[in-house]
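Below is one structure, written out as structure tokens; comments come after it.
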Amino acid sequence: MSESSLVPQGPLRPLDEQPPLSNGQFIVRDTPDSESISMDVIFVGAGPAGLAGAIELARLVREGQERGGSLGEIEIGVLEKAGQLGEHSLSGAVVNPSAFQELFPGVSLDEFPFRRPVTKEGMYLLSPNSSVQIPTPPTMRNQGNYIASICEIVRWLGERAEELGVNIFPGFPVDSLIVENSGVIGVRTTPSGLGEGGESLGPIANSAIDVTAQVTVLSEGTRGSLSQAWLDWQGVGSTNPQIFALGVKELWNVKQPLDRIIHTMGWPLPPDAFGGSFVYPMADDLVALGLVVGLDYADARFDSHGVLQSMKMHPLFRRLLEGGKMIEWGAKTIPEGGYHSVPERRHGEGLLIVGDAAGYVDVSSLKGIHYAMHSGILAARKIFEALTLGDTSESGLAGYTAAVDGSRIMRDLHTRRNMRLAFKRGLLIGGVKAGLMTLTKGRFPGGTIKVEEDAARERQFDRKSVPVITDSTLTFSKADAVFRSGNQTRDDIPSHLIEAESGVSAEAADFYSHMCPAGVYERDGDRLLVNAPNCIDCKATDVLGPRWSPREGGSGPGYRRM
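Count along the sequence shown from 1, then add 366; that gives the number in our numbering.
In structure tokens form, the structure reads like this:
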């Protein structure tokens, strides 16, 4: 049945059709299996935060042993859902090197896994057929920062961690936290080798594994299911709910070099949507191109992937890409709420939350990687102290939250605490407010700009949707894009996407089909069709639609240079 055969009435409030978070799935009160693996500390997620924390902790343990300390051998493990390190990592990325310099004080800048320094930058305001260069906002200036691939950063950090004796386990997603009373005592991994109905597929099937630890660190990245469940279970809140953006990114081999990083605002986004685009030169013949949009947009048929394809036909981008080749594609959500959306407490008995899972991202400067690493370093220092004292209780680990709150992470977020929130009423008003906030170092407008979660925003179906006709040269379908993500998911894997028990309306099905950049959802008349193997774990669905949950290790994208 064609889309036009059933016209959505709207408006749609996604929250009304989203199932609640399943704490019973992610928090289990159970005795660890008799064949469980015992670690002292486990990091759930091998991103910049988890790996930086593992490296710092291993270094502290080694230095303590050299000084004759009493702690002894400490087993540190890192569990990662991707089949290989970096395959699920995606970022712009222009990196502030401060965390690398703190973690590796004896290493020179040219030895870090960066592509090249930022030497020139340009900010452009776009209309459909033209562009005007405007001054770069002070918060977005990148002098002293470096263009990089987050995949390459993660692989490099993984090598450094293993050199220090850290145990890294790729292909092991975590299904749930194992708890006892009010504390976390370990994790349970996701089983593998199951068919669509959950039945064992024989030789390739593997049961879940329990891993126990004195301290579990949730470094699972954006919209982490375990972090959400633990915060809810513990009753830990924040001034505002977390809000998110979705970034869709492509890598292109190009014929002509680009001599600067580029950011844009305005077209192709509607006036009431927050976001913009970027182009970063990773090499003379390689550029990263992307579009980022806040997930509180009002247009129910806004399609981030389709809008990115339209954007590439703009003269600013087309002349750079013409004659080139798109070689990699991906998408990922970004926590945008800032200071007011960071949980009041990011520690508990036997547990810490670091990096994007805690919301340590500053949207006004487009930075999060160095904050993630700094938080991992601070977590490691507190864990080392707690292990030395034999106290991993909530009070024993409380110094982590205090350390982050007193660090550059929260100082920076506090200075820019209302900047993203100011754009809730559109680009023009938000731009004026953001300028005043910059001038006053955050003192204007004072107080807190309250927001609701993205799924609570009503979506309208009254805007005309113009589909992009793809040519597989400059513009690409969602199926082509998912292929270029290196998706490695079995076709017969159980669905990891949890729909509302009562089903969803035709309006919701229509909305999901546009919202997902990977074509996971399709509307067939008034029904929702789910192509779960297409999922690239961007987590947009968990923000606005069916809930995401961990699936078989190694599933999802296979990013190499994202």
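Beta carbons are placed, not taken as given, at the ideal position from N, Cα and C, and that holds for glycine.
9 Å Cβ cutoff met for D757 and A738: no
Distance, Y646 Cα to R481 Cα: 10 Å
Measuring alpha carbon to alpha carbon, tell me which of K748, S457, E873 and G564 ends up nearest F644. Considering only K748, S457, E873 and G564, the residue with the shortest C-alpha distance to F644 is S457.
Less than 7 Å between C-beta atoms, sequence neighbours within five positions excluded: which residues of the same chain meet that for G531? A424
Per DSSP, which residues does D890 bridge with? Please list them. R893
Cα-Cα separation, T836 to T555: If you draw a straight line from the Cα of T836 to the Cα of T555, it comes to about 40 Å.
Do L732 and R927 have their beta-carbon atoms positioned less than 9 Å apart in this structure? no
Would you grab the beta carbon distance between L863 and W914 for me? Rounded to a whole angstrom, and I think it's under 8 Å. 6 Å
Measure the C-alpha to C-alpha separation of A746 and P681 and round it to an integer number of angstroms. Spanning the alpha carbons of A746 and P681 requires a straight line of approximately 48 Å.
My parser needs the alpha helix (DSSP H) runs of 4 or more residues fully inside the region 556-636; what are they? 591-600
Where does L787 land, buried or exposed, given buried means 16+ other C-beta within 10 angstroms? Looking at its Cβ environment, which holds 16 or more other Cβ atoms inside 10 Å, L787 is buried.
If I follow the unbroken alpha helix (DSSP H) through V673, where does it start and stop? For V673, the enclosing alpha helix (DSSP H) has its first and last residue at S670 to M677.
Which residues in the same chain as M489 place their Cβ atom closer than 6 Å to its Cβ, once the five residues preceding and following it in sequence are excluded? I500, T502 and H629
Contacting residues, own chain, Cβ-Cβ under 7 Å from G690 (five flanking each side not counted): Residues of the same chain with a CB within less than 7 Å of the CB of G690, apart from the 5 flanking positions on each side, are W618, N619, V620 and K621 in chain order.
From this set, L894, I859 and G919, which residue's C-alpha is nearest G563's C-alpha? I859
Out of curiosity, what's the CA-to-CA distance linking M367 and D662? In this prediction, M367 has a pLDDT of 39, which is less than 50 and means its spatial position is unreliable; what the coordinates show is noted afterwards. Distance from the CA of M367 to the CA of D662, rounded to the nearest whole angstrom, comes to 29 Å.
C-alpha gap between G852 and Y925, whole angstroms: One C-alpha to the other measures close to 6 Å.
Nearest residue (CA-CA) to V600, options K698, R521 and E710: Note on residue identity: the sequence assigns Gln, not Val, to residue 600. For the residues K698, R521 and E710, the minimum Cα distance to Q600 belongs to E710.
What three-state label does DSSP hand S355 in the structure shown? Look at the range of the chain in this structure, 367 to 928, and you will see that residue 355 is not part of it.
In terms of DSSP beta bridges, what is P647 paired with? V653
Please state if the CB of S676 and the CB of P634 are separated by a distance shorter than 9 Å. yes
Three-state class that DSSP yields for S371 in the structure shown: Confidence in S371 is poor, its pLDDT being 49 and thus under 50, which makes the residue's placement unreliable; the coordinate value appears in the next sentence. DSSP places S371 in helix when its eight states are reduced to three.
Please name the residue, chosen from S474, E432, A821 and S593, that lies closest to P380 on a Cα-to-Cα basis. A821
S593 versus R433 - alpha carbon distance: 36 Å
Using a Cβ distance threshold of 8 Å, determine whether the region 691-708 contacts the region 597-612, with at least three qualifying pairs required. The region 691-708, when compared against the region 597-612, does touch it at the 8 Å Cβ threshold.
Below 8 Å, can you find three or more Cβ-Cβ pairs linking the region 399-416 to the region 440-448? Yes, since at least three Cβ pairs between the region 399-416 and the region 440-448 fall closer than 8 Å, the two stretches touch.
Closest by C-alpha distance to N495, when choosing among M679, V720 and V729: Considering only alpha carbons, the answer is M679.
So, with DSSP's three-state summary, where would you put T397? DSSP places T397 in coil when its eight states are reduced to three.
Give me, in chain order, the residues of the same chain whose beta-carbon lies closer than 8 Å to that of P385; leave out the 5 immediate sequence neighbours on both sides. Cβ within range, chain order: I864, E865, A866, E867, P912 and R913.
Inspect the beta-carbon positions of K844 and G885 and report whether they are closer than 9 Å. yes
Quick check on the burial criterion: 16 or more other C-beta atoms within 10 angstroms. Buried or exposed for I570? exposed
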